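This report refers to the structure that appears directly beneath it.
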Amino acid sequence: MNLELFIGFWNVNLSPPVGKLWGKSKDEKKEKVGKIINSLLDTNLDFLCLCEISPKDIEYIDQMISIIGKGYDYEIKHESFNGLYFDTCVIYKNSFNFLSMNYEVDGENRNKIKVFQKYEFFSSELKERIILYVTHWPSQLNDNSERRRTIASYMRKDVLEEKKLLKNTKIIVLGDFNVEPYDSSILHGLRSTRDKKVISHNSSLFYNPYWKFLPIQDYLPSGTHYYDKAEYHHWHIYDQILISGNFFNDGWDLDGKNVRIIDELALKSLHREIFNNPSDHLPILTKLEKLSGI
Numbered sequence: 130m131n132l133e134l135f136i137g138f139w140n141v142n143l144s145p146p147v148g149k150l151w152g153k154s155k156d157e158k159k160e161k162v163g164k165i166i167n168s169l170l171d172t173n174l175d176f177l178c179l180c181e182i183s184p185k186d187i188e189y190i191d192q193m194i195s196i197i198g199k200g201y202d203y204e205i206k207h208e209s210f211n212g213l214y215f216d217t218c219v220i221y222k223n224s225f226n227f228l229s230m231n232y233e234v235d236g237e238n239r240n241k242i243k244v245f246q247k248y249e250f251f252s253s254e255l256k257e258r259i260i261l262y263v264t265h266w267p268s269q270l271n272d273n274s275e276r277r278r279t280i281a282s283y284m285r286k287d288v289l290e291e292k293k294l295l296k297n298t299k300i301i302v303l304g305d306f307n308v309e310p311y312d313s314s315i316l317h318g319l320r321s322t323r324d325k326k327v328i329s330h331n332s333s334l335f336y337n338p339y340w341k342f343l344p345i346q347d348y349l350p351s352g353t354h355y356y357d358k359a360e361y362h363h364w365h366i367y368d369q370i371l372i373s374g375n376f377f378n379d380g381w382d383l384d385g386k387n388v389r390i391i392d393e394l395a396l397k398s399l400h401r402e403i404f405n406n407p408s409d410h411l412p413i414l415t416k417l418e419k420l421s422g423i
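Under our numbering, read the sequence shown as residues 130 to 423, first letter to last.
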């Protein structure tokens, strides 16, 4: 029997992390998001990571679908930090031991930026220490390229420090990056590749399977975020899940068919009452597999 690690991410667009919008989502929208979260958890996800969600939002959704009653729990940071709102949340199977949540902030006064939120788990079944870096990078609406490079550099440094503590730690970096997989901040800042063969020679790299969606193809979704005012193309692969190379050295594999964007048609098949996506982003899913005994 194969071991599996099934991870999802979704920018739910309930509470963008700015003061006038934080925690102000309407109940009707929370209910639509909650129905989709419920259906995603029914696919047997191990982790569902979310962003643009406030403590009020997840508490409402928990009351609605009973996250704990479904065999899951969740972690979210309740306090803001000098005006910065931390908008990520991780829903996880209660078979995983939650160890800690930390965050990194850079800059001073009004120039402070959130770098990441880091969630640490241990699985006795998988015999793995797993760290999720859940991130929401600055928007494309302003010139934030330098900020994104700074964030990527800080994340890479922290990843290396975690591996120094325990080199076999498995690390997943995921979120709404607001840039495509080929952007320099993801390629060079985080040090990622699209080629698993390269990983076999250099496991310090991250594998980014979301390159596969870049060519527009009839049989695959064209992106995770649609913006009709963009000059050159409307669909973008802003939401991605990156896998640390040591997964593959330790017997894990990732088949391309297990890398998915849940488009509008798939959302409707998940829940018959969903007629349109309540968010401006689509959920993404990635499933790693390992032969038991390896």
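Just so you know, even glycine gets a beta-carbon here, dropped at the ideal spot from N, CA and C.
Fair warning: this is a prediction, and the values are worked out from it, not measured in the lab.
Subject >> Residue environment, H317, which counts as buried when at least 16 other CB atoms sit within 10 Å >> reply: Translated into positions along the sequence shown, residue 317 becomes position 188. It counts as exposed.
Subject >> Outcome for S224 when other beta-carbon atoms lying within 10 angstroms are tallied against a minimum of 16 >> reply: To locate residue 224, count along the sequence shown from 1; it is residue 95. Burial check for S224: the Cβ neighbour count within 10 Å stays below 16, so the residue is exposed.
Subject >> N-terminal and C-terminal residue of the alpha helix (DSSP H) that K241 is part of >> reply: Residue numbering aside, residue 241 sits at position 112 when the sequence shown is read from its first letter. Run containing K241: none; DSSP gives neither H nor E here.
Original post:
Taking Cβ positions, are Y203 and K159 nearer each other than 8 Å?
Top reply: On the sequence shown, position 74 is the one that residue 203 refers to. On the sequence shown, position 30 is the one that residue 159 refers to. Cβ distance not < 8 Å, so Y203 and K159 don't count as in contact.
Subject >> Rounded separation between S252 and D357 - CA only >> reply: Locating residue 252 in the sequence shown gives position 123, counting from the first residue. Locating residue 357 in the sequence shown gives position 228, counting from the first residue. Cα to Cα, the separation comes out at about 42 Å.
**OP:** Taking 8 Å as the threshold, find out whether the stretch 333-344 comes into contact with the stretch 375-392 through three or more Cβ pairs.
**Re:** yes
Original post:
Based on the DSSP secondary-structure assignment, which residues constitute the bridge partners of W381?
Top reply: Locating residue 381 in the sequence shown gives position 252, counting from the first residue. Partner(s): K419.
**OP:** Please list the segments of the alpha helix (DSSP H) lying wholly inside the stretch 309-346, counting only runs of 4 or more residues, in order along the chain.
**Re:** Fully enclosed alpha helix (DSSP H) runs of 4 or longer: 325-330.
Subject >> Pair within 8 Å by beta-carbon distance, E290 and T298 >> reply: As a position in the sequence shown, residue 290 is number 161, starting the count at 1. As a position in the sequence shown, residue 298 is number 169, starting the count at 1. Contact flag unset, no.
Original post:
What does a CB cutoff of less than 8 Å around K397 pick up in its chain, not counting 5 residues either side in sequence?
Top reply: In the sequence shown, the residue the question calls residue 397 occupies position 268. I403 and F404, listed in sequence order.
Original post:
So the beta strand (DSSP E) Q369 belongs to, where does it begin and stop?
Top reply: Locating residue 369 in the sequence shown gives position 240, counting from the first residue. Counting along the chain, the beta strand (DSSP E) containing Q369 begins and ends at D368 to S373.
Original post:
Based on the DSSP output, what are the partners of N140 in its beta bridges?
Top reply: For the purposes of this step, residue 140 is taken as residue 11 along the sequence shown, with counting starting at 1. Partner(s): C180.
Original post:
Does the distance from the CB of K199 to the CB of G152 come in under 8 Å?
Top reply: Here residue 199 refers to the residue found at position 70 when the sequence shown is read from its first residue. Here residue 152 refers to the residue found at position 23 when the sequence shown is read from its first residue. Using a Cβ distance threshold of 8 Å, K199 and G152 do not count as a contacting pair.
**OP:** Leaving out five residues on either side along the sequence, give the residues of the same chain with a beta carbon under 8 Å from the beta carbon of D156.
**Re:** As a working mapping, residue 156 is identified with position 27 in the sequence shown. Here the set comprises Y189.
Subject >> Helix, strand or coil at R401 according to DSSP, with G and I counted as helix >> reply: As a first step, residue 401 is located in the sequence shown; it is residue number 272 there, counting from the start. In the structure shown, R401 sits in coil (DSSP, three-state: anything other than H, G, I, E or B).
Original post:
Looking only at DSSP bridge pairs, what is D202 linked to?
Top reply: Stepping through the sequence shown from its first residue, residue 202 is reached at position 73. Bridge partners of D202: Y221.
Original post:
Roughly how many whole angstroms lie between the Cα atoms of L411 and S268?
Top reply: Translated into positions along the sequence shown, residue 411 becomes position 282. Translated into positions along the sequence shown, residue 268 becomes position 139. Their backbone Cα atoms lie some 17 Å apart in a straight line.
**OP:** Look up V388 in the DSSP assignment and say whether it is helix, strand or coil.
**Re:** Within the sequence shown, numbered from 1, the residue matching residue 388 stands at position 259. Strand, per DSSP.
**OP:** Go through its chain and collect everything with a Cβ distance to Y355's Cβ below 7 Å, but skip five positions before and after it.
**Re:** Mapped onto the sequence shown, residue 355 falls at position 226. H363 and W364.
Subject >> Nearest-angstrom beta carbon gap, L371 and L303 [assumed within contact, 8 Å] >> reply: Translated into positions along the sequence shown, residue 303 becomes position 174. Translated into positions along the sequence shown, residue 371 becomes position 242. That belief holds up - the Cβ atoms of L303 and L371 are roughly 7 Å apart, short of 8 Å.
Original post:
Can D175 and I205 be called in contact, C-beta distance under 8 Å?
Top reply: If you number the sequence shown from 1, residue 175 lands on position 46. If you number the sequence shown from 1, residue 205 lands on position 76. No, the Cβ-Cβ distance between D175 and I205 is not below 8 Å.
Original post:
With a CB to CB cut of under 7 Å and the five nearest residues on each side skipped, what residues in its chain are close to H400?
Top reply: On the sequence shown, position 271 is the one that residue 400 refers to. Once the five neighbours on either side are set aside, the close Cβ partners of H400 are K164, I165 and S168.
Subject >> Counterpart residues of M230 in DSSP-defined beta bridges >> reply: By 1-based counting over the sequence shown, the position of residue 230 is 101. According to DSSP, M230 bridges with Y248.
Subject >> C-beta atoms of I366 and E309 nearer than 8 Å >> reply: Numbered from 1 along the sequence shown, position 237 holds the residue referred to as residue 366. Numbered from 1 along the sequence shown, position 180 holds the residue referred to as residue 309. It is a contact, given that the beta carbons lie within the stated cut-off.
**OP:** Kindly list the residues whose CB is nearer than 7 Å to the CB of N406, restricted to its own chain and excluding five residues on each side of it in sequence; keep chain order.
**Re:** Sequence index remark: in the sequence shown, residue 406 carries index 277 (1-based). Closer than 7 Å at Cβ, skipping near neighbours: E393 and L396.
**OP:** Whole angstroms is fine: what's the gap from I328's alpha carbon to N173's?
**Re:** Residue 328 sits at position 199 when you count from the first residue of the sequence shown. Residue 173 sits at position 44 when you count from the first residue of the sequence shown. Put simply, the backbone Cα of I328 is about 28 Å away from that of N173.
**OP:** Within 10 angstroms of the Cβ of I197, are there 16 or more other Cβ atoms? Answer buried if so, exposed if not.
**Re:** Looking up residue 197 in the sequence shown gives position 68. Per the 10 Å Cβ criterion, exposed.
Original post:
Could you give the residue range of the alpha helix (DSSP H) that holds Y283?
Top reply: In the sequence shown, residue 283 corresponds to position 154, counting from 1. That run of the alpha helix (DSSP H) goes S274 to L294.
**OP:** With distances taken Cα to Cα, identify the nearest neighbour of K222 among Y214, T264 and L177.
**Re:** As a working mapping, residue 222 is identified with position 93 in the sequence shown. Across the set Y214, T264 and L177, the C-alpha of L177 shows the shortest separation from the C-alpha of K222.
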